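Structure first, commentary second.
Number of protein chains: 2
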Amino acid sequence: MWVLQRAGDGTQGSSSLIGFPDWNAILPQIAIDAMSGDSGPRTVLWALSDLLRSHPTVQFHLLGDESVLRRELTRKRLHKSSQIQVHHASQVVGMDETPSQALRNKRDSSMHRAIGLLRDGVVDAVVSAGNTGALMALGKVLLRTIPGIDRPAIAAFLPTLQGRVLVLDLGANVDCHPEHLLQFAVMGSILFRQVAGVERPRVGLLNIGSEEIKGNEVVKAAGNLLRQSHLHFVGNVEGSQVYQGICDVLVCDGFVGNVFLKTSEGLAAMIRQELRASYTGSLYGRFAYVVNRPILQKLRRRLDSRQYNGATLLGLNGIIIKSHGNADRFAFARAVEAAIAEASHRLTLEIAKVVQDDLAQAIPSTA
Amino acid sequence: MWVLQRAGDGTQGSSSLIGFPDWNAILPQIAIDAMSGDSGPRTVLWALSDLLRSHPTVQFHLLGDESVLRRELTRKRLHKSSQIQVHHASQVVGMDETPSQALRNKRDSSMHRAIGLLRDGVVDAVVSAGNTGALMALGKVLLRTIPGIDRPAIAAFLPTLQGRVLVLDLGANVDCHPEHLLQFAVMGSILFRQVAGVERPRVGLLNIGSEEIKGNEVVKAAGNLLRQSHLHFVGNVEGSQVYQGICDVLVCDGFVGNVFLKTSEGLAAMIRQELRASYTGSLYGRFAYVVNRPILQKLRRRLDSRQYNGATLLGLNGIIIKSHGNADRFAFARAVEAAIAEASHRLTLEIAKVVQDDLAQAIPSTA
Numbered sequence: 020m021w022v023l024q025r026a027g028d029g030t031q032g033s034s035s036l037i038g039f040p041d042w043n044a045i046l047p048q049i050a051i052d053a054m055s056g057d058s059g060p061r062t063v064l065w066a067l068s069d070l071l072r073s074h075p076t077v078q079f080h081l082l083g084d085e086s087v088l089r090r091e092l093t094r095k096r097l098h099k100s101s102q103i104q105v106h107h108a109s110q111v112v113g114m115d116e117t118p119s120q121a122l123r124n125k126r127d128s129s130m131h132r133a134i135g136l137l138r139d140g141v142v143d144a145v146v147s148a149g150n151t152g153a154l155m156a157l158g159k160v161l162l163r164t165i166p167g168i169d170r171p172a173i174a175a176f177l178p179t180l181q182g183r184v185l186v187l188d189l190g191a192n193v194d195c196h197p198e199h200l201l202q203f204a205v206m207g208s209i210l211f212r213q214v215a216g217v218e219r220p221r222v223g224l225l226n227i228g229s230e231e232i233k234g235n236e237v238v239k240a241a242g243n244l245l246r247q248s249h250l251h252f253v254g255n256v257e258g259s260q261v262y263q264g265i266c267d268v269l270v271c272d273g274f275v276g277n278v279f280l281k282t283s284e285g286l287a288a289m290i291r292q293e294l295r296a297s298y299t300g301s302l303y304g305r306f307a308y309v310v311n312r313p314i315l316q317k318l319r320r321r322l323d324s325r326q327y328n329g330a331t332l333l334g335l336n337g338i339i340i341k342s343h344g345n346a347d348r349f350a351f352a353r354a355v356e357a358a359i360a361e362a363s364h365r366l367t368l369e370i371a372k373v374v375q376d377d378l379a380q381a382i383p384s385t386a
Numbered sequence: 020m021w022v023l024q025r026a027g028d029g030t031q032g033s034s035s036l037i038g039f040p041d042w043n044a045i046l047p048q049i050a051i052d053a054m055s056g057d058s059g060p061r062t063v064l065w066a067l068s069d070l071l072r073s074h075p076t077v078q079f080h081l082l083g084d085e086s087v088l089r090r091e092l093t094r095k096r097l098h099k100s101s102q103i104q105v106h107h108a109s110q111v112v113g114m115d116e117t118p119s120q121a122l123r124n125k126r127d128s129s130m131h132r133a134i135g136l137l138r139d140g141v142v143d144a145v146v147s148a149g150n151t152g153a154l155m156a157l158g159k160v161l162l163r164t165i166p167g168i169d170r171p172a173i174a175a176f177l178p179t180l181q182g183r184v185l186v187l188d189l190g191a192n193v194d195c196h197p198e199h200l201l202q203f204a205v206m207g208s209i210l211f212r213q214v215a216g217v218e219r220p221r222v223g224l225l226n227i228g229s230e231e232i233k234g235n236e237v238v239k240a241a242g243n244l245l246r247q248s249h250l251h252f253v254g255n256v257e258g259s260q261v262y263q264g265i266c267d268v269l270v271c272d273g274f275v276g277n278v279f280l281k282t283s284e285g286l287a288a289m290i291r292q293e294l295r296a297s298y299t300g301s302l303y304g305r306f307a308y309v310v311n312r313p314i315l316q317k318l319r320r321r322l323d324s325r326q327y328n329g330a331t332l333l334g335l336n337g338i339i340i341k342s343h344g345n346a347d348r349f350a351f352a353r354a355v356e357a358a359i360a361e362a363s364h365r366l367t368l369e370i371a372k373v374v375q376d377d378l379a380q381a382i383p384s385t386a
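Order-wise, the sequence lines are chains A and B. Take the first sequence: its position 278, counting from 1, is numbered 297 in the numbering used here, and each next residue is one higher. Take the second sequence: its position 45, counting from 1, is numbered 64 in the numbering used here, and each next residue is one higher.
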């Protein structure tokens with residue numbers, strides 16, 4: 020799965036340290052499902068054209084309709100790039116397809132083929148803006164989970180007043196058991212450590228009060244497991260404290276995590292709409308808007324979900340990054356960069372190592 | 020429990036329709052726990068002084084340290100008001116006390132005594148800014164629940180782009196069964212109908228997707244019950260849709276509801292802090308703030324949680340309104356008005372009637 024050496028041709032930079040895996044020698048190969056998402060190949064290729072310059076050592080494998088892709092590449096004058104390979108895939112997984120439909124009927128879809136390249140070791144990570152349920156199902160079937168991990172979770176970064184927080188699970192698993200929450204915490208800590216350089220990320224458990232007795236049965240039991248673990252567990256975290264930056268990793272059941280995420284998105288949208296209505300409602304409003312625009316833009320950038328685009332399907336035996344379906348070129352590029360970073364840090368291997376060592380020692384056997 | 024007639028003395032307005040309960044003849048008597056909450060009697064009495072004028076037919080019974088209360092009343096020149104009675108209570112339930120501690124040790128607390136007046140039919144509703152857990156526990160023990168309701172819920176209004184939504188349960192019950200969610204929906208619909216005048220409030224079920232198959236086991240089963248009921252059930256509602264005003268009543272498990280509420284509060288606080296930082300960061304920022312202030316104030320009023328202060332403990336055999344502990348005079352007054360409105364509409368009787376008729380017919384027996 021890992022490319023430990025790549026013969027360079029000069030244009031790709033130094034790359035010939037043989038036998039010693041290190042940052043410079045690992046030249047990630049990223050498969051991109053170019054057909055999924057609201058705007059398909061166009062957005063993907065715009066994002067790529069931005070990334071080729073800043074990531075000259077990365078190889079991109081595009082999956083999708085070959086003629087469409089080659090045409091788009093030519094339009095953007097990328098058809099001669101040595102960093103891009105095209106693999107033809109004749110199908111696309113629809114946004115409304117169930118995971119089982121995708122598994123049964125779409126074996127030649129851009130999504131299926133991309134994960135196949137990952138399974139076969141041709142690439143180090145997959146990026147897709149498609150149907151999350153299908154992506155997770157295909158990931159589980161084709162890659163399996165890391166040994167010791169029962170349920171992969173969807174994990175994403177969100178902004179806080181202190182920086183950012185990694186939240187999981189955001190919706191892959193409803194009805195989690197306490198052991199699953201512990202596994203989320205272990206995986207999330209490793210990812211956060213790699214990405215943010217924090218040695219011992221603070222782990223919080225999403226709950227309805229700070230006392231240990233608070234919460235439903237699963238959460239209370241998970242709290243006990245977390246307290247007994249080696250993790251830097253800071254205790255229960257209420258929904259109102261998350262955005263204050265009280266923890267680096269926030270674990271919760273997938274149902275609750277999805278409500279947390281969607282609620283945040285919905286409230287932010289409402290505030291935006293209310294603000295917009297205030298500004299456009301009158302002449303004074305429009306004047307105030309012009310004066311206020313730099314402030315609003317700064318706020319928008321600060322809270323911009325696009326810079327955090329790219330959720331990790333954490334726990335699969337391979338790196339899959341899920342982009343929002345409506346991502347623009349900037350947002351999709353961020354998702355691809357997340358894939359590159361996780362591949363470079365060998366995230367999956369790290370998790371597998373930790374899970375084998377630590378879980379066996381300190382944590383009860385998983386159900 | 021209901022005061023069907025009160026002999027008027029002229030200053031209280033006409034009130035002598037004997038035997039026929041109707042709006043004019045029902046002169047609510049409200050018990051107020053004057054010692055709970057962060058600022059105790061001072062805020063309570065400020066709120067009262069605002070309400071006496073606008074509600075000349077309402078009687079207020081204050082529970083608390085008699086000497087403290089009489090002193091505060093004198094300071095505010097309310098000591099001669101015929102609308103205020105003082106009942107001495109020697110204890111106060113602490114904010115950190117567990118419900119069982121409150122039940123055992125604080126029988127002469129302002130909270131306990133207030134609910135006692137409700138139980139004994141002296142008053143029609145109770146308002147308290149104190150410890151929610153203790154309030155609910157005391158309510159359950161002293162009042163019991165409305166026949167047919169298993170678990171009382173905490174219900175509160177939140178602003179939406181269309182107006183407002185009533186959300187329950189906000190944290191009284193973790194690990195709900197599907198039948199409990201149905202009961203929340205029934206009670207919530209009645210309260211919304213009374214307060215907003217909407218004949219058939221739209222009921223939504225907080226979930227992680229629109230399809231019927233989505234959600235954890237409890238939510239899926241609750242969806243089935245709601246679809247079979249007489250309620251105007253609009254289906255699953257995601258966290259992002261709530262603030263768009265897609266439903267009038269939103270039902271969920273208490274754990275999830277608490278996360279929803281706290282997340283909203285936390286994100287709103289973060290946006291406020293980020294905005295404030297943007298404005299104070301520079302000279303331009305301060306200029307922009309001055310220009311922008313009317314817009315911000317309009318937004319703040321629109322989203323001001325103070326106007327929605329006053330959550331109902333819905334399902335008890337009597338009306339209890341919980342105010343935020345840190346409510347100011349304006350907010351506390353809104354909570355008292357909620358109590359007056361629910362008492363005037365005879366909320367508890369309405370729920371009892373509906374539950375007896377409808378639950379027997381259309382809804383499976385509760386576990």
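Yeah, the Cβ is synthetic: ideal placement off N, Cα and C, and Gly gets one too. As the structure is a prediction and not an experimental result, all values here were calculated from the model.
Find the residues of chain A that neighbour Q292(B), judging by a C-beta separation of less than 8 Å, and give them in chain order.
Here the question's residue 292(B) lines up with position 273 in the second sequence. The contacting residues are L180.
Along chain A, which residues have their Cβ under 9 Å away from the Cβ of E236(B)?
Within the second sequence, numbered from 1, the residue matching residue 236(B) stands at position 217. Correct list: V193 and D194.
Could you round the C-beta distance between V145(A) and I339(A) to whole angstroms and report it? I think they count as a contact, below 8 Å.
To locate residue 145(A), count along the first sequence from 1; it is residue 126. To locate residue 339(A), count along the first sequence from 1; it is residue 320. Going by Cβ atoms, the distance from V145(A) to I339(A) rounds to 5 Å, so yes, they are a contact pair.
According to DSSP, is W42(B) part of a helix, a strand, or is it coil?
Position 23 of the second sequence holds residue 42(B). Because W42(B) carries a pLDDT of 47, less than 50, the predicted location of this residue cannot be relied on, and no value is offered for it.
So with Cβ pairs under 7 Å, would you call L318(A) a contact of chain B?
What you label residue 318(A) is simply residue 299 of the first sequence in a count that begins at 1. By this cut-off, L318(A) is an interface position.
So which of V160(B), L189(B), L200(B) and T282(B) has the shortest CA-CA distance to E236(B)?
Position 217 of the second sequence holds residue 236(B). When only C-alpha atoms are compared, the closest one is L200(B).
Please state if the CB of L161(A) and the CB of A174(A) are separated by a distance shorter than 7 Å.
Here the question's residue 174(A) lines up with position 155 in the first sequence. Here the question's residue 161(A) lines up with position 142 in the first sequence. No, the Cβ-Cβ distance between A174(A) and L161(A) is not below 7 Å.
Given a threshold of 16 other Cβ atoms within 10 Å of its Cβ, counted over all protein chains shown, does E218(B) qualify as buried or as exposed?
As a first step, residue 218(B) must be located in the second sequence, where it is residue number 199. A residue is called buried once 16 or more other Cβ atoms fall within 10 Å of its Cβ, and E218(B), having fewer, is exposed.
Determine the contact status of G329(B) and A360(B), defining contact as a CB-CB distance below 7 Å.
Counted from its first residue, the second sequence places residue 329(B) at position 310. Counted from its first residue, the second sequence places residue 360(B) at position 341. It is not a contact, given that the beta carbons lie outside the stated cut-off.
For the beta strand (DSSP E) containing H251(B), name the first residue and the last one.
Locating residue 251(B) in the second sequence gives position 232, counting from the first residue. Run containing H251(B): H251 to V256, per the beta strand (DSSP E) assignment.
How many Å lie between V205(A) and L46(A) at the Cα?
Here residue 205(A) is taken as the residue at index 186 of the first sequence, counted from 1. Here residue 46(A) is taken as the residue at index 27 of the first sequence, counted from 1. A straight line joining the alpha-carbon of V205(A) with that of L46(A) spans about 27 Å.
Along the beta strand (DSSP E) that carries A172(A), what are the first and last residues, could you check?
Your numbering for residue 172(A) matches position 153 in the first sequence. Run containing A172(A): A172 to T179, per the beta strand (DSSP E) assignment.
Hey, G190(B) and G285(A): beta-carbon distance below 7 Å or not?
By one-based count along the second sequence, residue 190(B) stands at place 171. By one-based count along the first sequence, residue 285(A) stands at place 266. Here G190(B) is not near G285(A), since their CB atoms are 7 Å or more apart.
Alpha carbon to alpha carbon, how far is L332(A) from H131(A)? Give it in angstroms, no decimals.
Counted from its first residue, the first sequence places residue 131(A) at position 112. Counted from its first residue, the first sequence places residue 332(A) at position 313. C-alpha separation (whole angstroms): 15 Å.
Tell me which same chain residues have a C-beta within less than 8 Å of the C-beta of D41(A), skipping the five on either side of it?
Translated into the one-based positions of the first sequence, residue 41(A) becomes position 22. Only weak support is given to the placement of D41(A): the predicted model assigns it a pLDDT of 49, under 50, and the value that follows is read from those uncertain coordinates. Answer for D41(A): no residue qualifies.
Compare the C-beta of K239(B) against all C-beta atoms of chain A and say whether one is closer than 7 Å.
Translated into positions along the second sequence, residue 239(B) becomes position 220. Taking Cβ atoms only, chain A never reaches closer than 7 Å to K239(B), which makes this a no.
Under a three-way DSSP split, which group does H80(B) fall into?
Numbered from its first residue, the second sequence carries residue 80(B) at position 61. Strand, per DSSP.
Inter-residue CB distance, A346(A) and G56(A) (contact presumed, cutoff 8 Å):
Counted from its first residue, the first sequence places residue 346(A) at position 327. Counted from its first residue, the first sequence places residue 56(A) at position 37. Confirmed, Cβ separation roughly 7 Å.
Cβ of M114(A) less than 7 Å from any chain B Cβ?
The residue given as residue 114(A) occupies position 95 in the first sequence. Chain B contact via Cβ: absent.
Helix, strand or coil for L294(B), going by three-state DSSP, please let me know.
Counted from its first residue, the second sequence places residue 294(B) at position 275. Note: L294(B) maps to helix in three-state DSSP.
Kindly indicate the opening and closing residues of the beta strand (DSSP E) around T331(A).
Here residue 331(A) corresponds to residue number 312 of the first sequence, with the count starting at 1. A330 to L333 is the span of the beta strand (DSSP E), which, as asked, contains T331(A).
In the region 110-184 of chain B, which residue ranges form an unbroken beta strand (DSSP E) of at least 3 residues, counting only runs that do not cross its ends?
144-147 and 172-179
Report the residue from L302(B), D69(B), E116(B) and I168(B) whose alpha carbon sits nearest the alpha carbon of K372(B).
Stepping through the second sequence from its first residue, residue 372(B) is reached at position 353. Ranking L302(B), D69(B), E116(B) and I168(B) by Cα distance to K372(B) puts I168(B) first.
If we define contact as Cβ-Cβ less than 7 Å, is A390(B) a contact residue for chain A?
In the structure displayed, chain B extends from 20 to 386; residue 390(B) sits before or after that span and is not available.
Give every residue of the same chain whose Cβ lies closer than 7 Å to the Cβ of D28(B), excluding the five residues on either side of it in the sequence, and list them in chain order.
Mapped onto the second sequence, residue 28(B) falls at position 9. At D28(B) the pLDDT is 32, less than 50, meaning the model places this residue with poor confidence and gives no usable figure here.
G216(B) to M54(A), Cα distance in whole Å?
For the purposes of this step, residue 216(B) is taken as residue 197 along the second sequence, with counting starting at 1. For the purposes of this step, residue 54(A) is taken as residue 35 along the first sequence, with counting starting at 1. Roughly 49 Å separates the two Cα atoms.
Assign K99(B) to buried or exposed, taking buried as 16 or more other Cβ atoms, counted over all protein chains shown, within 10 Å of its Cβ.
By one-based count along the second sequence, residue 99(B) stands at place 80. Answer is exposed; the Cβ neighbour count stays below 16.
I want to verify the contact list: residues of chain B whose CB lies under 9 Å from the CB of G190(A), in sequence order.
In the first sequence, the residue the question calls residue 190(A) occupies position 171. Those are I227 and G228, listed as they occur along chain B.
Take V268(A) and list the residues in its own chain whose beta-carbon comes closer than 6 Å to its own, dropping the five residues that flank it on each side.
The residue you call residue 268(A) lines up with position 249 of the first sequence. Around V268(A): L185, G207, S208, F211, P220 and V222.
Quick one: which unbroken beta strand (DSSP E) runs of 3-plus residues sit fully inside the region 186-263 of chain A? Chain order, please.
Correct list: 221-225 and 251-256.
Listed from N- to C-terminal order along the chain, which residues in the region 109-140 of chain A have their beta-carbon within a distance smaller than 9 Å of any beta-carbon of chain B?
T117
Same chain, Cβ closer than 7 Å to G252(B), neighbours up to 5 away in sequence not counted
Position 233 of the second sequence, counting from 1, holds the residue named residue 252(B). According to the sequence shown, residue 252(B) is Phe rather than Gly. Excluding residues within five positions, the ones whose Cβ falls inside 7 Å are V222, L245 and R246.
Alpha carbon to alpha carbon, how far is D272(A) from G334(A)? Give it in angstroms, no decimals.
For this step, residue 334(A) is matched to residue 315 along the first sequence. For this step, residue 272(A) is matched to residue 253 along the first sequence. The alpha-carbon atoms of G334(A) and D272(A) are separated by roughly 15 Å.
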